[in-house]
Amino acid sequence: RREGTDLFLKSGVRAIDTKCKIEQAPGQHGARKPRLSDYGVQLREKQKVRRIYGVLERQFRNYYKEAARLKGNTGENLLALLEGRLDNVVYRMGFGATRAEARQLVSHKAIMVNGRV
5 RREGTDLFLK SGVRAIDTKC KIEQAPGQHG ARKPRLSDYG VQLREKQKVR RIYGVLERQF
65 RNYYKEAARL KGNTGENLLA LLEGRLDNVV YRMGFGATRA EARQLVSHKA IMVNGRV
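Counting in the working numbering, the sequence shown runs from 5 upward without gaps.
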């Protein structure tokens, strides 16, 4: 609800517009929604990506440092690193209905890569 968009964390159970009738973020509500600064917009997008891929802040920061070190566009490099994670590959291949389920398959050693668990 915080992000205001569907992050596809559930396996297509219900759309966000039917689930969240109120277009309000959690917490105390004021008279109107405050306008976000440039920093606020960047922070919301970063948090959205973190929640989509299920990555904690420290790990995300390390991915960003690695993406900045690589040649080319840092944003594209970051997404390439996140998309290349084993749990995300398992999700993209359809073995898990959600990224969380795919992550559990990987952590419970249900996936073999090159003959290794």
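Ideal placement from N, C-alpha and C gives every residue a C-beta, glycine not left out.
For Ala72, which residues from the same chain have a beta carbon less than 8 Å from its beta carbon, with the 5 sequence-adjacent residues on both sides left out?
Your numbering for residue 72 matches position 68 in the sequence shown. The residues are Thr78, Asn81.
Assumed close pair Glu105, Leu85 - CB separation to whole angstroms, cut-off 8 Å:
One-based indexing of the sequence shown puts residue 105 at position 101. One-based indexing of the sequence shown puts residue 85 at position 81. Wrong, their Cβ atoms sit about 21 Å apart, outside the cutoff.
Give me the Cα-Cα distance between Gly58 and Asn66, rounded to the nearest whole angstrom.
Within the sequence shown, numbered from 1, the residue matching residue 58 stands at position 54. Within the sequence shown, numbered from 1, the residue matching residue 66 stands at position 62. If you take the alpha carbons of Gly58 and Asn66, they lie about 14 Å apart.
What's the C-alpha gap between Asp91 and Tyr43?
As a first step, residue 91 must be located in the sequence shown, where it is residue number 87. As a first step, residue 43 must be located in the sequence shown, where it is residue number 39. Each residue's alpha carbon lies about 30 Å from the other.
Between which two residues does the alpha helix (DSSP H) containing Gln32 stretch?
Residue 32 sits at position 28 when you count from the first residue of the sequence shown. Careful: Gln32 lies outside any alpha helix (DSSP H) and carries neither H nor E.
Cα-Cα separation between Arg89 and Pro38, rounded to whole angstroms:
Residue mapping note: residue 89 aligns to position 85 of the sequence shown, counting from 1. Residue mapping note: residue 38 aligns to position 34 of the sequence shown, counting from 1. C-alpha separation (whole angstroms): 36 Å.
Can you look up Val53 in the DSSP assignment and give me helix, strand or coil?
Taking the first residue of the sequence shown as 1, we reach residue 53 at position 49. In this structure, Val53 counts as helix in the three-state DSSP scheme.
Same chain, Cβ closer than 8 Å to Glu61, neighbours up to 5 away in sequence not counted
Here residue 61 is taken as the residue at index 57 of the sequence shown, counted from 1. Excluding positions up to five away in sequence, the list reads Arg54.
Is it right to say Val110 is buried, meaning 16 or more other beta carbons lie within 10 angstroms of its own, or is it exposed?
Residue numbering aside, residue 110 sits at position 106 when the sequence shown is read from its first letter. Buried: at least 16 other Cβ atoms inside 10 Å.
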